[in-house]
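Worksheet: the structure to be examined is printed underneath.
Residue numbers (this note's numbering), protein chains in the order written: chain A, 1 to 290; chain B, 1 to 290; chain C, 1 to 290; chain D, 1 to 290.
Given below as structure tokens:
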């Protein structure tokens with residue numbers, strides 16, 4: 001909260017000798033004070049990844065200046081477009097998509113209100129209006145966009161409306177907080193790397209509808225939740241975070257739903273926090289959380 | 001939620017042969033349909049405990065009638081006062097005590113609003129007023145009772161006021177949701193078995209103030225939370241529920257506070273749910289969750 | 001270990017009023033001292049289940065006598081064959097099937113040697129002989145039965161040999177401790193309810209071969225293990241126990257294998273213990289652990 | 001196992017700008033291929049720490065040559081003696097101290113035998129001889145050093161004998177695998193940073209004797225284990241790893257002992273692995289696991 005302004009550099013390139021020396025040498029040459037650094041080399045793909053956090057006041061230029069100068073280093077290292085510089089001086093914006101189930105929304109609103117999650121929730125959009133009041137009680141606009149069942153044209157129009165409402169805020173994160181509608185492929189593409197979904201199972205178990213019912217039928221002893229980036233392939237995008245909770249034979253489907261909600265909430269909150277802090281790097285269909 | 005009305009019988013007595021037969025025989029004789037039953041025999045104390053849930057519409061009398069008739073059985077079995085019958089037809093009431101930190105209150109309000117926690121929050125009382133707005137947005141009265149620092153008389157008067165406000169509702173649960181004030185002995189006694197506290201450590205580690213600071217100094221690899229009944233002995237009452245979350249060397253005290261909050265919320269919510277469902281039996285300084 | 005002899009009664013029947021009264025009345029009439037009791041009513045199937053543990057010296061007859069007399073009660077309650085009485089005075093026997101990976105076998109041998117797992121390992125059978133020495137160091141016979149690759153007749157003969165070796169001990173448990181061979185349907189049937197497998201994934205994720213490779217490719221954040229009864233349907237039998245462990249992007253497939261092993265060992269050990277103690281009741285494809 | 005030879009550099013110094021650049025520049029100048037790198041800056045102490053793993057065949061000198069040349073860099077950065085270079089080409093040695101309880105020893109022996117834990121167990125020393133046979137079955141010498149109760153001189157002589165036996169191997173790790181004897185201060189000092197203990201509680205809860213009994217009396221809902229470096233202050237040394245397992249009111253002290261053992265085993269195994277891999281850096285009374 002009261003942390004001094006920092007620049008968060010995330011970077012990936014084909015691995016070779018001297019990358020760390022090149023990047024840290026560049027930063028040191030300009031007096032950059034690194035306050036957090038993480039590295040990962042992936043032996044399967046032969047790629048190298050890093051996330052570095054530098055105090056803004058230790059550098060003689062601003063974020064744009066850093067991007068310009070670092071671009072040369074990135075070019076040398078063949079990183080092409082797989083790097084970025086985030087400025088913590090700019091507060092990130094999110095738009096949240098919901099349906100009827102409010103537990104994830106209540107949780108996110110509570111975290112923002114208590115200062116725990118550093119994000120500006122620009123708007124909440126629901127295909128039902130049952131969560132309008134609580135949203136507005138937090139001083140956040142709520143947009144009701146009904147999705148007519150069994151009407152493909154109406155649904156397409158609804159998605160167009162949602163897209164317009166979302167894109168108006170150019171958000172850093174689009175959070176599907178139990179939205180219950182499958183995003184069309186063009187939205188998945190438009191929001192690639194920014195749209196996070198919370199799926200109410202430990203993927204890849206129980207893809208698709210009613211995962212708690214599927215879990216009850218299979219008789220599993222743990223239920224879980226998965227926060228992942230949305231891709232055109234249903235419930236198959238890169239996984240950011242997962243967690244589970246123990247259940248037993250005495251738990252009805254409704255008990256699984258209730259217990260699972262606690263896991264959905266923390267899994268989504270952790271995934272969103274890491275995304276906003278620039279900790280999540282994606283390579284192929286896997287994430288690194290640095 | 002839409003469950004049919006039930007009577008929840010909790011019972012403890014010195015162990016001997018035939019107790020289950022006596023109780024279940026009594027219920028069967030009156031046509032009682034048991035929908036949930038749990039038993040525990042404690043070899044250390046030589047006591048027997050049970051919790052039985054009976055469908056109200058299977059019995060030919062109401063809760064009061066059940067209490068009268070079962071009283072005879074309890075007498076035979078030397079249970080004295082260690083039994084009770086709860087009627088799910090009567091919605092339980094809770095009063096929540098808070099200070100400045102809102103995460104537990106936000107969480108409880110969200111659970112009640114989404115229908116997950118079946119309790120009527122009759123009032124919220126705070127020694128600061130920072131949580132007044134969110135409480136009232138949920139349609140719940142908020143009472144601000146300041147506690148003057150360094151003024152024992154003022155503090156005693158404040159506690160007297162809190163007691164008056166709480167007792168006006170005759171609540172089934174008094175929830176200290178990070179209240180940060182130590183209850184005086186007479187309140188502990190008056191509210192014995194009804195006052196639940198959430199302590200932000202895995203007790204008995206880090207009793208008292210600033211447990212996350214203590215945890216950071218000791219370098220533990222997990223932090224936790226404990227929901228317990230309040231007794232006159234600070235942080236030493238019977239433990240209802242505990243949980244932990246992993247931390248590491250990279251976590252600052254503030255990170256421990258943030259991670260710990262997620263555990264405080266679920267630990268308190270589980271403990272409160274079990275208490276309201278009549279699942280928590282106390283014997284000596286230990287609880288059984290049946 | 002030094003526990004007095006007990007009879008463990010497990011029982012299931014269609015639910016109706018008065019079952020607990022009937023069973024506990026029967027036991028009380030004969031002076032039976034119940035030391036542990038668990039009940040479960042399954043609303044989906046409308047069945048009732050119970051596990052009761054009675055001190056042998058409190059009853060005026062032996063296990064066979066109890067079976068005879070209780071048979072009448074079971075008949076009244078339409079339990080048919082879904083009940084049994086286990087006598088803790090008879091030490092259970094197990095046969096363990098292994099391949100090359102020794103971690104589960106080492107673990108089981110250590111638990112038996114240290115008195116933690118109360119079972120007589122009658123024999124270990126391996127399709128390789130790499131675990132022969134450690135088995136024999138524990139004073140247990142090891143049988144090497146090679147499984148010729150790509151030779152269906154040879155494989156059938158090998159399974160016939162395994163069956164003969166196993167059945168010679170009439171074991172209470174046949175433990176597939178990373179056996180890596182799919183049991184033929186007739187063996188699944190012959191050993192139904194007695195053959196336990198440990199699968200190295202959190203089922204139903206990653207059924208079949210190389211689950212850790214599958215998990216790595218999918219980029220999951222937890223890996224798990226599942227102990228289940230073996231049925232003719234691969235990795236689809238009733239689940240007894242599951243557990244998981246956290247992994248991250250830095251973990252190679254070999255790291256997943258290593259971390260997963262710790263979960264395989266405890267999951268198998270818990271499942272086997274519960275099976276041997278008569279805690280696991282099966283109904284349809286689900287288990288109750290009472 | 002078949003990993004190519006690597007040098008593991010661990011390093012700590014007062015934080016300032018340019019440390020990463022200096023170290024990585026040094027390595028890059030000599031062609032060093034970094035395969036793993038971790039950094040941590042501790043804002044409380046103002047110290048910087050790193051662990052770097054370099055492929056041996058990428059450098060033009062051996063471990064001793066690396067130590068000589070890196071010593072200059074370390075001097076520049078005021079690291080003084082707080083750095084070291086470990087050569088994975090030299091297999092580490094451990095000596096294990098035990099008493100009667102064998103679960104941790106069985107577990108360690110199984111891990112070494114199955115190739116999971118890359119260490120040479122040079123000897124096992126017991127104050128009882130009950131674990132001699134299993135030790136020798138693994139081809140490892142066992143030394144029986146009785147500790148006479150109530151005889152301080154005899155005890156001092158026994159410790160002198162233990163010290164002689166241990167020091168003969170100059171081990172990288174001295175593992176107190178439920179040794180149950182408090183090391184005298186001079187041994188704590190002689191083995192500082194090399195002696196690991198497994199304590200059977202979640203420290204700082206339940207320091208000292210019979211922690212499972214203490215846990216049962218307090219009625220906690222989780223029990224745990226702690227792997228820590230041994231210091232002269234009982235159970236107060238720097239914590240390397242901790243874990244917990246859920247228990248409930250139905251668990252006797254013996255059940256806590258049994259459940260806790262599974263946690264003791266994995267906690268000790270993880271702590272020992274990290275220690276042997278040079279991942280554990282100590283600063284004050286806290287560890288960093290890099």
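The C-beta atom is built at its ideal place from N, Cα and C for all residues, glycine as well. None of these values were measured; they are calculated from a predicted model.
Three-state secondary structure assigned by DSSP to residue 32 of chain A: For the purposes of this step, residue 32 of chain A is identified with residue 32 of the first chain, where counting begins at 1. Looking at residue 32 of chain A - three-state DSSP - the assignment turns out to be coil, as it is neither helix nor strand.
Can you name, in chain order, every residue of its own chain whose Cβ lies under 7 angstroms from the Cβ of residue 77 of chain B, other than the five neighbours on each side? Walking along the second chain from the start, residue 77 of chain B turns up at place 77. Correct list, in chain order: 13, 19 and 22.
Go ahead and pull the three-state DSSP assignment for residue 146 of chain B. The sequence position of residue 146 of chain B within the second chain is 146, counting from 1. Looking at residue 146 of chain B - three-state DSSP - the assignment turns out to be coil, as it is neither helix nor strand.
Flag residue 1 of chain D as yes if its beta-carbon sits less than 8 angstroms from any beta-carbon of chain A, otherwise no. The sequence position of residue 1 of chain D within the fourth chain is 1, counting from 1. With a pLDDT of 44 at residue 1 of chain D, under the threshold of 50, the modelled position of that residue is not reliable, and no figure is offered here.
Is residue 275 of chain D helix, strand or coil by DSSP? Residue numbering aside, residue 275 of chain D sits at position 275 when the fourth chain is read from its first letter. Here residue 275 of chain D sits in helix by DSSP.
Report the rounded CA-to-CA distance for residue 59 of chain C versus residue 198 of chain A, giving the unit in angstroms. The residue given as residue 59 of chain C occupies position 59 in the third chain. The residue given as residue 198 of chain A occupies position 198 in the first chain. One C-alpha to the other measures close to 56 angstroms.
CA-CA distance, residue 40 of chain A and residue 219 of chain C? Within the first chain, numbered from 1, the residue matching residue 40 of chain A stands at position 40. Within the third chain, numbered from 1, the residue matching residue 219 of chain C stands at position 219. Between residue 40 of chain A and residue 219 of chain C, the C-alpha separation is close to 15 angstroms.
Any 3 or more C-beta pairs closer than 8 angstroms across the stretch 67–86 of chain A and the stretch 224–234 of chain B: no
So that I know if they touch, is there some Cβ in chain G lying closer than 8 angstroms to that of residue 217 of chain D? No chain G appears in this structure, whose protein chains are A, B, C and D.
Check residue 224 of chain C in the structure and name its three-state DSSP category. Position 224 of the third chain holds residue 224 of chain C. Residue 224 of chain C: strand per DSSP, three-state reduction.
Would you decide whether residue 213 of chain C is buried or exposed? Buried here means 16 or more other CB atoms lie within 10 Å of its CB. In the third chain, counting from the first residue as 1, residue 213 of chain C sits at position 213. Residue 213 of chain C is exposed by the Cβ-count criterion.
Any Cβ of chain C within less than 8 angstroms of the Cβ of residue 75 of chain B? Translated into positions along the second chain, residue 75 of chain B becomes position 75. Chain C, which has no Cβ nearer than 8 angstroms to the Cβ of residue 75 of chain B, makes this no.
Minimum Cβ-Cβ distance from residue 29 of chain D to chain B less than 8 angstroms: Along the fourth chain, one-based indexing puts residue 29 of chain D at 29. Cβ-Cβ to chain B under 8 angstroms: no for residue 29 of chain D.
Assign residue 241 of chain A to one of two classes, buried (16 or more other C-beta atoms within 10 Å of its C-beta) or exposed (fewer than that). As a first step, residue 241 of chain A is located in the first chain; it is residue number 241 there, counting from the start. Residue 241 of chain A is buried by the Cβ-count criterion.
Please classify residue 262 of chain A as buried or exposed, where buried requires at least 16 other C-beta atoms within 10 Å of its C-beta. Position 262 of the first chain, counting from 1, holds the residue named residue 262 of chain A. That one is buried.
In DSSP terms, what residue 14 of chain B is bridged to: Here the question's residue 14 of chain B lines up with position 14 in the second chain. Its beta-bridge partners are B/47.
According to DSSP, simplified to helix, strand and coil, what is residue 40 of chain B? Locating residue 40 of chain B in the second chain gives position 40, where the first residue counts as 1. Residue state, collapsed to three classes: strand.
Integer Cβ distance of residue 223 of chain C from residue 245 of chain C, believed to fall under 8 angstroms: Indexing the third chain from 1 puts residue 223 of chain C at position 223. Indexing the third chain from 1 puts residue 245 of chain C at position 245. The Cβ separation is near 6 angstroms, so the contact holds.
Using the C-alpha atoms, what's the distance from residue 201 of chain B back to residue 268 of chain B? Taking the first residue of the second chain as position 1, residue 268 of chain B is located at position 268. Taking the first residue of the second chain as position 1, residue 201 of chain B is located at position 201. Those two C-alpha atoms are separated by around 12 angstroms.
Going by the beta-carbon positions, is the gap between residue 293 of chain A and residue 121 of chain A smaller than 8 angstroms? Outside the shown range of chain A (1 to 290) lies residue 293 of chain A, about which nothing can therefore be said.
Note down the Cα distance separating residue 10 of chain B from residue 50 of chain B, rounded to an integer number of angstroms. Counting from one through the second chain, the residue named residue 10 of chain B turns up at place 10. Counting from one through the second chain, the residue named residue 50 of chain B turns up at place 50. Computed Cα separation, rounded: 6 angstroms.
Between the stretch 55–75 of chain D and the stretch 91–102 of chain D, are three or more C-beta pairs nearer than 8 angstroms? no
Take every Cβ of the stretch 108–123 of chain D, pair it with every Cβ of the stretch 104–124 of chain C, and state whether three or more of those distances are shorter than 8 angstroms. yes
Cross-chain neighbours of residue 116 of chain B in chain A, by beta carbon under 8 angstroms: For the purposes of this step, residue 116 of chain B is taken as residue 116 along the second chain, with counting starting at 1. In chain order: 103, 258 and 261.
Any C-beta of chain C under 8 angstroms from that of residue 266 of chain D: Here residue 266 of chain D corresponds to residue number 266 of the fourth chain, with the count starting at 1. Yes, residue 266 of chain D lies at the interface with chain C (some Cβ there is under 8 angstroms from its Cβ).
Where do the N-terminal and C-terminal ends of the alpha helix (DSSP H) with residue 287 of chain A fall, by residue? As a position in the first chain, residue 287 of chain A is number 287, starting the count at 1. Per DSSP, residue 287 of chain A belongs to no alpha helix (DSSP H); it is in the beta strand (DSSP E), 286–289.
What first and last residue would you give for the alpha helix (DSSP H) that runs through residue 134 of chain A? If you number the first chain from 1, residue 134 of chain A lands on position 134. Segment 132–137, the alpha helix (DSSP H) holding residue 134 of chain A.
Starting from residue 55 of chain C, follow its DSSP beta bridges and name the residues at the other end. Taking the first residue of the third chain as position 1, residue 55 of chain C is located at position 55. For residue 55 of chain C, which the question treats as bridged, DSSP gives the partners C/6.
Kindly indicate the opening and closing residues of the alpha helix (DSSP H) around residue 103 of chain A. For this step, residue 103 of chain A is matched to residue 103 along the first chain. That run of the alpha helix (DSSP H) goes 103–113.
Count the other C-beta atoms from every protein chain shown that fall within 10 angstroms of the C-beta of residue 1 of chain C, then say buried if there are 16 or more, exposed otherwise. Sequence index remark: in the third chain, residue 1 of chain C carries index 1 (1-based). Its pLDDT being 44, under 50, residue 1 of chain C is placed unreliably by the model, and the measurement read from it follows with that caveat. With fewer than 16 Cβ atoms within 10 Å of its Cβ, residue 1 of chain C is classed as exposed.
Out of D/54, D/45 and D/44, which one is the CA nearest neighbour of residue 4 of chain D? Sequence index remark: in the fourth chain, residue 4 of chain D carries index 4 (1-based). It is D/54 whose Cα lies nearest to the Cα of residue 4 of chain D.
For the beta strand (DSSP E) containing residue 98 of chain B, name the first residue and the last one. Sequence index remark: in the second chain, residue 98 of chain B carries index 98 (1-based). From DSSP, the beta strand (DSSP E) with residue 98 of chain B extends over 93–98.
For chain A, is any of its Cβ atoms less than 8 angstroms away from the one on residue 15 of chain C? As a first step, residue 15 of chain C is located in the third chain; it is residue number 15 there, counting from the start. Answer no: the Cβ-Cβ gap between residue 15 of chain C and chain A never drops below 8 angstroms.
Taking the alpha carbon of residue 239 of chain C as the reference point, which residue from C/272, C/15 and C/156 has its own alpha carbon closest? The sequence position of residue 239 of chain C within the third chain is 239, counting from 1. Looking at the Cα atoms, C/272 is the closest of the given residues.
The stretch 57–85 of chain B: positions lying closer than 7 angstroms to chain D by Cβ: none
Quick one: using the 10 Å Cβ neighbour count with 16 as the cut-off for buried, is residue 248 of chain D buried or exposed? Position 248 of the fourth chain holds residue 248 of chain D. Exposed, by the Cβ-count rule.
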